[in-house]
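Worksheet for the structure shown next.
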Amino acid sequence: MPEAVIVSTARSPIGRAYKGSLKDVRADDLTVQIVRAALAKVPELDPTQITDLMLGCGLPGGEQGQNMGRNVAVMLGYDHLPGTTVTRYCSSSLQTTRMAFHAIKAGEGDAYISAGVETVSRFGKGTSDEIEGQDLHNPIFTAAAARTARRADGAAKAWTDPRADHHLPDVYISMGQTAENVQQVLGMSRREQDEFAVRSQNLAEKATAEGFWARDIAPVVSADGTETATDDCPRPGVTLEAVSQLKPAFRPDGTVTAGNACPLNDGAAAVIIMSDLKAKALGLTPLARIVSTSVTGLSPEIMGLGPVEAIPQALRSAGLSLADIDLFEINEAFAVQALGSAQKLGIDIDRLNVNGGAIAVGHPFGMTGARITSTLINSLQWHDKQFGVESMCVGGGMGMAMVIERLS
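Each position in the sequence shown, counted from 1, maps to that position plus 173 in my numbering.
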C-alpha cells in the first residue's frame, strides 16, 4: 500500500481582518499565489500529473463561493485540473489533507494539492469593532447565534444535554459562548488563560526574531503591488499585566477576552501531497509522512474540547502513544480550549505550540489546517524532532487530528 507524503508547503502571511495587510485581496487571488508558491518548490512535478485540487474554506459564500477550488485551478491555468471546495469549518484544510491521504492510500491518485483559505475581510457586514465585540470566532451573525443570545442563561448550562428538550440543538452557536462553557466545565481560571495567551505571544515574538516564521511564509502581492511577508497580529512585548486588564468579551462575568482568544484573520496555505512511490520516481525527498488522521464529535456547546478525543483516536490508528510524540500543535481558538485540551490529555506544555499559536499569529478558519501542517513540519525540522501531532477543535462540535513523521 502506498504511503502519503508531504513534499511541499507554503502559507501566506496572516492579515488582521478588516484593517490588515490582506484586507483588499480576494480569497481566490490569495489562494492562487500560495498554491503557486508551494508548487514552485517541487518543479519536478508536472501539473498534468496532479489528480485533484481540494480547497478548504470555513464559510464558502460570496467571493468564497462558486466552488472556489475549481476557480483556483482554472486561474492557475490548469483547465485539466479538477477542483473542489470543502468545509469542516476550522479544520477545513486538514479535512482536504485527510481526503488526499485516503485517496493515495486507496491507490486512486499519485499527487494532490490540499489548500485552505479564509478572507474574513471580504465577507460579512459591520465594522470590525462591532464584530469583534460580539464574537471573535464567528463573524457571521447566523440565526443560531442570535438564538443563543436570546437564550441568555440557558446557553451557559445547555452543554450538559443540548437535546434534552427534544428539539434540534443550536449547532453553530457563538464560539465565544462555547469557550465560556468549556471554562465552566474545566474550572480554569482567568489567570491561567491569560498566562497561556502571553506565552503564545512571547513565543511567536521569539520565533520571529530567530527567523522561524520566515521559513513558513511565502510573500503575497496585493493588487496595488504591495508585498507582504510578515504576519499582522503578533504583538511584541506582551505582558500578563496588560492582558489581565482586558474586559470579558462574551459574558459580563466571563473569563474569555480579546487577549486570550484568536483574532479575526485573512490567509491561505497549501500542502502538496503525493505517494511515496511518485516522490521517489521524481527524485524528491519528502518532508514528512502522514501516519494517521481522525475526526470525532462532541456536544456543540463544548466544541473546544474536540482534541481530547481526536488526538487519542489518531494515535491509536498510528500505533503510537502520547509519549512517542515530540511536538504538538493544538489550534488556539481560545486559550481555555487549547490549554484545557492539553491538560485533559496530560500533554507537557513544553511540547505544545513551541513557536506560538493562533492567539498570536491568527486563525483564518479555512486556512488553519494547512497552516498548522506547515508550521508543525518546520517546527520538527527546527528542533530536530521526529513525530508531531496537529489537532484542533471544530465549530459545530467536532475535533480533528493528524499524526505526521518528519522525513527530512
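Just so it is clear, CB atoms sit at the ideal spot from N, CA and C, and this is done for glycine as well.
Fair warning: this is a prediction, and the values are worked out from it, not measured in the lab.
1) Since N244 is in the alpha helix (DSSP H), which residue starts that stretch and which ends it?
2) Going by DSSP, what residues sit across from G188 in a beta bridge?
3) Which one of L495, S472, G250, A443 has the shortest CA to CA distance from G539?
4) Specify, as a first and last residue, the run of the alpha helix (DSSP H) that I484 falls within.
5) Take every Cβ of the region 434 to 452, pair it with every Cβ of the region 177 to 190, and state whether three or more of those distances are shorter than 8 Å.
6) By Cβ distance, which residues of its chain are closer than 6 Å to Q222, with the 5 residues on each side in sequence left out?
7) Just how far apart, CA to CA, sit E305 and A431?
8) Check for me: the alpha helix (DSSP H) holding T260 runs from which residue to which?
9) Give every residue of the same chain whose Cβ lies closer than 6 Å to the Cβ of P459, excluding the five residues on either side of it in the sequence, and list them in chain order.
10) How long is the line joining the alpha carbons of R388 and Q510, rounded to whole angstroms?
11) Just how far apart, CA to CA, sit I520 and S490?
12) Looking only at its chain, what residues have a beta carbon closer than 8 Å to the beta carbon of L478, apart from the 5 residues adjacent to it on each side?
13) Specify the secondary structure class of M540 as computed by DSSP and reduced to three states.
14) Hey, would you say L500 sits closer than 8 Å to R524, going by beta carbons?
15) Taking only the alpha-carbon atoms, compute the straight-line gap between V576 and S564 and give it to the nearest angstrom.
16) Thinking A506 and M361 are a contact (beta carbons under 8 Å), I'd like their distance in whole angstroms, please.
17) Tell me whether the beta-carbon of A288 lies closer than 8 Å to the beta-carbon of L226.
18) Using CA coordinates, which residue listed in E236, D197, S266 is at the minimum distance from T182?
19) Can you tell me which residues form a DSSP beta bridge with S467?
20) In three-state DSSP terms, what is A515?
21) Classify P425: buried if its beta carbon has 16 or more other beta carbons within 10 angstroms, exposed otherwise.
22) What runs of the alpha helix (DSSP H), each 4 residues or longer, lie entirely inside the region 383 to 419?
23) I need the boundaries of the alpha helix (DSSP H) containing I207, first residue and last residue.
24) E383 to A276, Cα distance in whole Å?
25) On the three-state DSSP scale, how would you describe M447?
26) Quick one: using the 10 Å Cβ neighbour count with 16 as the cut-off for buried, is R295 buried or exposed?
On the basis of the supplied data:
1) Unbroken alpha helix (DSSP H) run through N244: 241 to 248.
2) According to DSSP, residue pairing for G188 in a beta bridge involves D439.
3) Out of L495, S472, G250, A443, A443 has the C-alpha closest to the C-alpha of G539.
4) Note, I484: alpha helix (DSSP H), 480 to 491.
5) Note that the region 434 to 452 touches the region 177 to 190; at least 3 beta-carbon pairs, one per stretch, sit closer than 8 Å.
6) The answer, listed in chain order, is A284.
7) At E305 the pLDDT is 40, less than 50, meaning the model places this residue with poor confidence; the figure from the coordinates comes in the next sentence. When rounded, the distance between both Cα atoms is 8 Å.
8) First-last for T260: undefined, no H or E at that position.
9) Closer than 6 Å at the Cβ level, and outside the excluded window around P459, lie V178, V180, A452, L580.
10) In a straight line, the C-alpha of R388 is about 28 Å away from that of Q510.
11) Rounded to whole angstroms, the separation of the alpha carbons of S490 and I520 is 19 Å.
12) For L478, same chain residues with a beta-carbon under 8 Å away, outside a window of 5 residues either side, are V355, V358, L471, Q510, G513, S514, K517, C566, G572 in chain order.
13) Helix.
14) Cβ atoms of L500 and R524: closer than 8 Å.
15) Straight-line Cα distance between these residues: approximately 9 Å.
16) Beta-carbon to beta-carbon, A506 and M361 are separated by about 14 Å, too far to satisfy the 8 Å threshold.
17) Yes, they are a contact pair.
18) It is S266 whose Cα lies nearest to the Cα of T182.
19) Within the DSSP secondary-structure output, S467 pairs in a beta bridge with A574.
20) For A515, the secondary structure class from DSSP, reduced to helix, strand or coil, is helix.
21) Exposed: under 16 other Cβ atoms inside 10 Å.
22) 385 to 389, 413 to 416, all fully within the region 383 to 419.
23) For I207, the uninterrupted alpha helix (DSSP H) run begins and ends at 200 to 213, by DSSP.
24) Roughly 38 Å between the two C-alpha positions.
25) For M447, the secondary structure class from DSSP, reduced to helix, strand or coil, is strand.
26) Its Cβ being crowded by 16 or more others within 10 Å, R295 is buried.
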